[in-house]
Amino acid sequence: MAQLLAPALPGRARMRRSAPAAVSTVALIVMIGVCSSLQPGVLTVEGLTLVLSATVPLVIAAQAQMTLMAVGDIDLGIGNFVGLVTVVSATLLVSSPLKGVLVLAGLVAAYAVLGLLIHLRQVPALIATLGASFVWLGLGLFLLPTPGGTTPGWLASFGAWQPAGLPAPLVPLVVVALLVYLLSARSALGVRMRGLGSNPVALRRAGLRPVASRVAAYATAGVLGVLSGLVLASQTGGGDVSSASSYTLMTVAAVILGGGSFAGGTAVPWGAAVGGVTLGLVSVVLSLLDVRSDMQSAVQGVIVLAVLAGRVVVGKVLR
Amino acid sequence: MNIRVAGPRSWSGPWVWGFAAAALVWLVILVISGQGGGQTVSLALSLAPYLVIVGLGQMLVVTAGPGNIDVSVASVISLAGFVSVAVASATGSAAVGVLAGIGAGVLVAAVSTVAILGLSVPPIIATLAAGLVASSITLSTANGFTAVPDAGLRAALNLRPAGVPVLALAIAVLTVLVAALLRRTVYGRSLVAVGQNRRAAERAGIPVARVVAMTYLLSGALAGLTGALLAAYIAPSADLGTRYLLDSVAVVVIGGTLISGGRAVPVGVWGAALFFILLDGLVNLVGWSTAAQNLLKGGLVLFVLFLAGGGDRSGGLASLFRRRPRPAAATPTTITTTITGDDTDG
Amino acid sequence: MHVDNLPAGGAAPPGTDTGPAGPPPVVTARGVTKAYGRTRALAGVDLAVRAGEVLGLVGHNGAGKSTLMRVLAGLEPCDTGTVLVHGRQASAGDFRTVRMAYQETSLCPDLTVAENMWVSSRHCLPRVRWRRAASDAVRRRLDEMFPGHGVSPRDRVEDLSLSRRQMVEIARACLVDRLDLLILDEPTESLGPDAARSLYAYVRRLTEAGTAVLLISHRIREVLSVADRVAVLRDGAVTAERPASGLTEPDVLGLMGAHVAAPPTFGAPTAAGTIARDTVAELLGATGPGLREVTLRVGKGEVVGLAGLAGQGQQEVLERLWRPVRRDTTVGVSRAYVPGDRQRSGVLPLWSVGDNLIVTALRGIARRGLRRPAEERAVVADWVKRLSIRGGAEAGITELSGGNQQKVIVARAFASPAGLVLLDDPFRGVDVHTKTDLYGLIRQEAAKGRSVVWYSSENAEMAHCDRVYVFRAGRVVAELTGEEISEERIIGVSFAEKGEDD
Amino acid sequence: AGCGSGGSGDTADAADGTASGGSGGGKPFIALSNGFIGNGWRQTMIAKFEAAAQQAKSDGLIGKYKVVNAPGDNSATEQVAQIKSLLLQKPDALLIDPASPTALQPVIQQACNSGVKVVVFDSAIDAPCAHVLQNSFVDWATYAAKPLLEGIGGKGSVIVSRGVVGSQPEAEMLDTTKKILGDYPGVKTVATVTGMCDGATAQKAVLGVLSSVPKVDGVIGCGDGYGVAQAFATAGKPVPAVDFETNGRALSYWRDNKIDNGSVAVMSDPGQSVAALWEALDLLDGKDVPKQMTFPIVLIEQKDRDAWAAALKPDEYAAWPWTRELFRQQVEAVKSGGEPVRPPIPSAQG
Ligand SMILES: Nc1ncnc2c1ncn2[C@@H]1O[C@H](COP(=O)(O)OP(=O)(O)OP(=O)(O)O)[C@@H](O)[C@H]1O
Ligand SMILES: Nc1ncnc2c1ncn2[C@@H]1O[C@H](COP(=O)(O)OP(=O)(O)OP(=O)(O)O)[C@@H](O)[C@H]1O
Ligand SMILES: [Mg+2]
Ligand SMILES: [Mg+2]
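Residue numbers (our numbering), protein chains in the order written: chain A, 1 to 319; chain B, 320 to 665; chain C, 666 to 1167; chain D, 1168 to 1517.
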């Protein structure tokens, strides 16, 4: 009896928690529906490939953002970082692959060091990553002042890869989301990272070092950022440090659409994937609908708000 | 209690870092060019106010607690620029134009506020969306825009009797007003309380929704004011505000305001804004490439940030080496969302 | 792996031989001192906990109990003095067999119960499939300790009620392959009586198996009934250590701190006159999540109690009165709220005591939105003195002990001009002296014409009310007035028909 | 079948006849993808295109047109996504004003492979299958420096305000500027700032160095003279010779303040989008058009200033009024290597 009356029943709470991602999923399905009614070609394998491919790097970057949001931080440098990776892969990775790989590993290490310093000096991640974003931009411009270069052959052929009967972009989307899910939601390391976002004092009391969790989260974000940059480079065929600057806020929006929060403690890899694809599809819908050119950004804003408003309605119903 | 002299409690308050960095950059400029030290400051003071105004608005928003940020300021500035110039030339009064700019900012902020409070959209997303809507309006206004900025207002903005920009003085007064708002008014105290612990503030009888709404509207108004002044100072354009988004966040935090909310340092915004303005000047003076420019900017931000350190996030090696603050003037803690128990340091 | 080789029940081998010298000490503190800034939390503590005993530790708020426990558990170094584990100078690893259930739960709210188990007990979980092992272990342990707990290992901690969280916190402290000392810091403050009873039964089983248990509680009677020995901590030092048998509650109170005023009977509640009072707040057939057809009335100057087992709808009533949005609730006066969960909904951590205290009254004192510092200062000084808040108005709120923080939060509500004060079980973890003061305060303020609605999980507190509504399953099952209000009566009504309902 | 939006019948037909252009019976569907809409130049560019395309539609030259602007801040990734979804709608020709000169290469290849005629304008791009139409940055830099240096009498000190540092055009322009400065030994470069070809940025950048440099006689910039002039006004110094924007605001300011010191207004031509439209139609008609074409820059000297200033709104940029006729003349001029066509300036238009 008492159980029935408890304000938050675990079962219902679980449902309430997955509601945001569910709403975004519905929005995604609606958007695909709209697209395909405007343009039946969308639902073919080639159509899906065209429509989805541009969202892949965004979704991977969103997974990086999600990892940091799980420890309660936020990354305002991810856009420029991804851009920097495209630059590295269009220059060093071609001229001397070994050096390129080392530099990419160094970038991951730099992320880890950033996490370490953020933790040890107890500074807000928001501002530290903002500062770092200028550094990434500077490094990118230093390596490649002019957008250009060419990506290595293997990367280009990955970009052009067309498996039969299956939209190619789905493969990296699902594989990365699965890996991040295994890491952040199922593994012990994931528990440490989420524990840090949730209650660092508890971690310390249990003899776990919060700094290790934070560094692990940043290193993971770094790896995902590198992956995102490589995929982006495979699609753009060159390097441009500012090619992904919009990712910074878009990834945050993607994680929020997928049910994540700024408070830390929760990991929503599938939600981030859905949120990222949803956001990525907005530009597709915009170009399919005949929206006046100066009204397009308003429509984009309204779509985001509408999806989040849907969440409120669903939340009210579930309460 | 906070009736004693508020703001930074000791000379080593977090706000000094912005001023220290600004002074350092100023010295470097002086050494390199060997002339015009006073004029450098004077010119920096005539550019800084614009960043300070948006910064103050952003500071209020950030103070409202974790997750609060206004990313619509850039679009608001651009929109308010057009609106104020259009209205000023239609009515023939620059003052009415400035008011109209402020009004435009408030309107955009109203959209964010409705989304934040009515739809429970996280502020970063709500303001992003409101900003997108605003930039659409800006673009359609910009198409075929014919009005020109008011010459009188522009002259007033450029007024520098004895090398002291009048605008800087006016905005210094505004800064003092904001500081007084935070310390001496019920709204200000409520905002700081909400920023520390929203739930506790609600239980203490503070109308949280009203306070949050007021804060975003104020930020919108200040961004609108920035836009109105910038449009007169430069010229209305669709990307007038672009550069002010990241910079406004950066100056707030370098200025010593707690990014997790609950502590605002209005003076600090000045130090950080002067630092940014002077750094731009230095980089242009030396003729560094954009790459070096960005590396330097980022490097210095990180350096100042890591050198100054943050609040106590309780834990990490740093806490072992740091002296505990004197209890009577304990530096506030960076409150993680879950405030737990007995050994959160004071 | 070894999570469950902890001997349970009677099948345990006896501890070391209990000769006349008694069993050997498990953990010993010698001359331990600890200061936080200018606060001396511990001023030379000598204390030994022996295998197989329950040592009760009592002391007023801020006496240093929690601090001592953190030192004994190896979580904080002491400034001077030593901590010995099994007679040896302890290094970090030695503390693994010392476990502690914290006063404020130290679980990660976003993690599931099983994941929280991994955090604290990973040493005794397998590397692969630890999730399954942790789930099994915690389920078994909870079943053993709190039958009918209603917690699933897959639940997220944030979705659990306060009492279930406390159960998980205690269970996780016990989940280890070897346990020498279990420290329970005010474990029953948010547990219901049933759960408390199960807990103490388990504690007995543990001690029979040779584990030492250190129990901190402000419920002296509870301590006396469970502990073998009682130690009294006063101002950072152990001032007395006695065998529990033969001690009575007044004895202990005497040991804890001088004069204990005669049992609290301030301005005895008046049974008469309840009808004559003006109504200031009313619920008429309120129904909703957690509430069914609740009708209650609060008169001017009345102290109304909400009693019953934890989580039966009392908090929902407070919520309705605090935010009367529905039509079935009418409140005619301004309100103030005293939350029980002070970490989450009480303190404003960056502010001083004075700032925290005045924040509610601010609005009333201010003129046209502008503050009036002099008036505020006067109010703060008055309340700091009236409740003798340690540290004074200038101290940071987080430097205060739990009990003193709670005083500030109570003062915050009464410093405001609110006509109706809502108390949400505010005296959890507050020592007897403070409580007595606060009870007196409530009666005084009621006499001045303020109304109070008071939910408490401690039925004895209800004796200070004019009228008590007893709740069960979201309904009012009894309304008691005057002489009818007694602990026995409340418990009787709360548990009646229980078999039928559950 | 076809796209649900207006003119779906045309699209379906056009899709069938893609390879042969409009000859399949349907009139062609022209799409324009623009990487960025945040400044007056791009807005003018889009406005000119829309006006010309609307006219072409009512003239029956095209069946349908569509303009898609990538939302956000010059984001190549957004533009890639939008081009991909445009391809689903099977346009006959795709005009692109790229956000980034490289990022679009694979998607342009994809477009060519599916039989779409691609015309890239306003920027060089390394895509062999696309036709490129652009302005000469060497010309731009030359027009920006030469008249100005002549105006200050070939001696004195100048500030160089660089454009979007890191971009290909800027590198080219800086080279040219340096070369020209080499020819004037009497001119000293006292500072090099980054103005990003944007008045507001240049204003702040110049203001930042003004206190640290001696008297300045000229600022060689890239369409940022209005902001530079403001900076000098703020510092209380006389306005030197500058390179103004070609928009109404700057021209009026130039005219109203009687700045007569060798200042010019020079920028690339937002009318390129219209030229690109004609190029696409010629390509669909199977005409022979060179892969790479350079079109004239817009240079406004003092003599033409007032005419332009009267014709332009403050935020509208001067654009050459390309007609199909003028376009063909210019194509011939490019093929023969002759003098570029001089389209009429507004006063001549009437
Ligand atoms: N982290 C800390 N920083 C500063 N002072 C502290 C800290 N922890 C405890 N203190 C101070 O040490 C003293 C002892 O506090 P402690 O929490 O041990 O008391 P307690 O006996 O557990 O009280 P309660 O019964 O209220 O829980 C108090 O005066 C408290 O203010
Ligand atoms: N419950 C505990 N109480 C006190 N100290 C503990 C406890 N658990 C572990 N420790 C000590 O904390 C330190 C770190 O713990 P441990 O070696 O178990 O961490 P870990 O699981 O290996 O994680 P990490 O990778 O962070 O080292 C060790 O010195 C250990 O003895
Ligand atoms: Mg305690
Ligand atoms: Mg305590």
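A virtual CB, placed ideally from N, CA and C, is assigned to each residue, including glycine.
What in chain A is Cβ-close to residue i, meaning under 9 Å?
i: Pro-585 of chain B; result: The premise fails here: Pro-585 of chain B is roughly 18 Å from chain A at the closest Cβ pair, so nothing lies under 9 Å.
i: Ser-1267 of chain D; result: Pro-147, Thr-236, Gly-238, Asp-240, Ser-242, Ser-243
i: Leu-772 of chain C; result: Ser-198, Asn-199, Ala-202
In chain D, which residues lie with their C-beta within 8 Å of the C-beta of residue i?
i: Ala-532 of chain B; result: Those do not exist, as Ala-532 of chain B stays about 28 Å from chain D at its closest Cβ, beyond 8 Å.
Between residue i and residue j, which are expected to be in contact by the criterion C-beta below 8 Å, what is the C-beta distance as a whole number of angstroms?
i: Gly-964 of chain C; j: Ser-1116 of chain C; result: 7 Å
i: Leu-1103 of chain C; j: Val-1135 of chain C; result: Contact flag wrong, Cβ pair sits at about 22 Å.
i: Val-784 of chain C; j: Val-822 of chain C; result: Actually they are not in contact, since the Cβ atoms of Val-784 of chain C and Val-822 of chain C sit about 11 Å apart, beyond 8 Å.
i: Gly-353 of chain B; j: Ala-540 of chain B; result: Gly-353 of chain B to Ala-540 of chain B, Cβ: 43 Å. No contact.
Can the beta-carbon of residue i be found less than 8 Å from the beta-carbon of residue j?
i: Leu-971 of chain C; j: Val-982 of chain C; result: yes
i: Pro-1004 of chain C; j: Arg-522 of chain B; result: yes
i: Gly-322 of chain A; j: Ala-217 of chain A; result: Nothing can be reported for residue 322 of chain A: it is not among the residues displayed for chain A, which extend from 1 to 319.
i: Ala-244 of chain A; j: Thr-1244 of chain D; result: yes
i: Ser-18 of chain A; j: Gly-259 of chain A; result: yes
i: Ala-128 of chain A; j: Val-215 of chain A; result: no
i: Cys-1364 of chain D; j: Gly-1390 of chain D; result: yes
i: Gly-420 of chain B; j: Val-570 of chain B; result: no
i: Arg-991 of chain C; j: Arg-1000 of chain C; result: no
i: Trp-154 of chain A; j: Gly-77 of chain A; result: no
i: Val-360 of chain B; j: Trp-345 of chain B; result: yes
i: Gly-1362 of chain D; j: Ala-1372 of chain D; result: yes
i: Gly-514 of chain B; j: Ala-434 of chain B; result: no
i: Phe-1216 of chain D; j: Val-1235 of chain D; result: no
Which chain C residues are close to residue i, counting only those with a beta carbon under 9 Å from its beta carbon?
i: Thr-340 of chain A; result: For chain A, the structure presents residues 1 to 319; residue 340 of chain A sits outside this window and is missing.
i: Ala-13 of chain A; result: Asp-820, Arg-821, Glu-823, Asp-824
Chain B partners of residue i, CB-CB under 7 Å?
i: Leu-1377 of chain D; result: Leu-362
i: Thr-762 of chain C; result: Per Cβ cutoff of 7 Å: no residues; Thr-762 of chain C is ~21 Å from chain B at best.
Taking C-beta pairs closer than 8 Å, name the residues in chain B that residue i reaches, listed in chain order.
i: Arg-192 of chain A; result: By Cβ distance, chain B contributes nothing, its closest Cβ being about 13 Å from Arg-192 of chain A, past 8 Å.
Report the neighbours of residue i on chain C: residues whose CB is nearer than 7 Å to its CB, in chain order.
i: Gly-666 of chain B; result: Absent from the model: residue 666 of chain B. The displayed extent of chain B is 320 to 665, so no value can be given.
Name the chain A residues that come within less than 7 Å of residue i, Cβ to Cβ?
i: Val-784 of chain C; result: Val-191, Gly-195, Ala-202, Leu-203, Ala-206, Leu-208
i: Glu-1245 of chain D; result: Ser-246, Ser-283
i: Glu-780 of chain C; result: Val-191
Please list the partners that residue i has in chain D, where partner means a Cβ-to-Cβ separation under 7 Å.
i: Val-395 of chain B; result: The contacting residues do not exist; Val-395 of chain B stays about 15 Å from chain D at best.
At a Cβ cut of 9 Å, what residues of the region 599-630 of chain B count as close to chain A, listed as they run along the chain?
Ser-608, Thr-609, Ala-610, Ala-611, Gln-612, Asn-613, Leu-614, Leu-615, Lys-616, Gly-617, Gly-618, Leu-619, Val-620, Leu-621, Phe-622, Val-623, Leu-624, Phe-625, Leu-626, Ala-627, Gly-628, Gly-629, Gly-630
Short of 7 Å Cβ to Cβ, which residues in the region 198-213 of chain A face chain C?
Correct list: Ser-198, Asn-199, Val-201, Ala-202, Leu-203, Arg-205, Ala-206, Leu-208.
Residues in the region 878-890 of chain C having any Cβ partner in chain A nearer than 8 Å:
none
Using Cβ-Cβ distances below 9 Å, what residues of the region 1211-1237 of chain D are close to chain A?
Ile-1213, Glu-1217, Lys-1233, Val-1234, Val-1235, Asn-1236, Ala-1237
Using a Cβ cut-off of 9 Å, which residues of the region 275-302 of chain A contact any Cβ in chain B, in chain order?
Arg-292, Ser-293, Asp-294, Met-295, Gln-296, Ser-297, Ala-298, Val-299, Gln-300, Gly-301, Val-302
Every unbroken alpha helix (DSSP H) within the region 994-1062 of chain C, with a cutoff of 4 residues, ordered by chain
1007-1010, 1018-1023, 1027-1030, 1038-1051
Any C-beta of chain D within less than 8 Å: which residues of the region 36-61 of chain A qualify?
Ser-37, Leu-38, Gln-39, Pro-40, Gly-41, Val-42, Gly-47, Leu-50, Val-51, Ser-53, Ala-54, Thr-55, Pro-57, Leu-58
When you check each C-beta in the region 1382-1394 of chain D against every C-beta of chain B, which residues fall closer than 9 Å?
Within the region 1382-1394 of chain D, the qualifying residues are Tyr-1393, Gly-1394.
Chain-ordered residues of the region 1012-1025 of chain C with a beta carbon less than 9 Å from chain B:
If you check each beta-carbon in the region 1012-1025 of chain C against every beta-carbon of chain B, the ones closer than 9 Å belong to Val-1012, Leu-1013, Pro-1014, Leu-1015, Trp-1016, Ser-1017, Val-1018, Gly-1019, Asp-1020, Asn-1021, Leu-1022, Ile-1023, Val-1024, Thr-1025.
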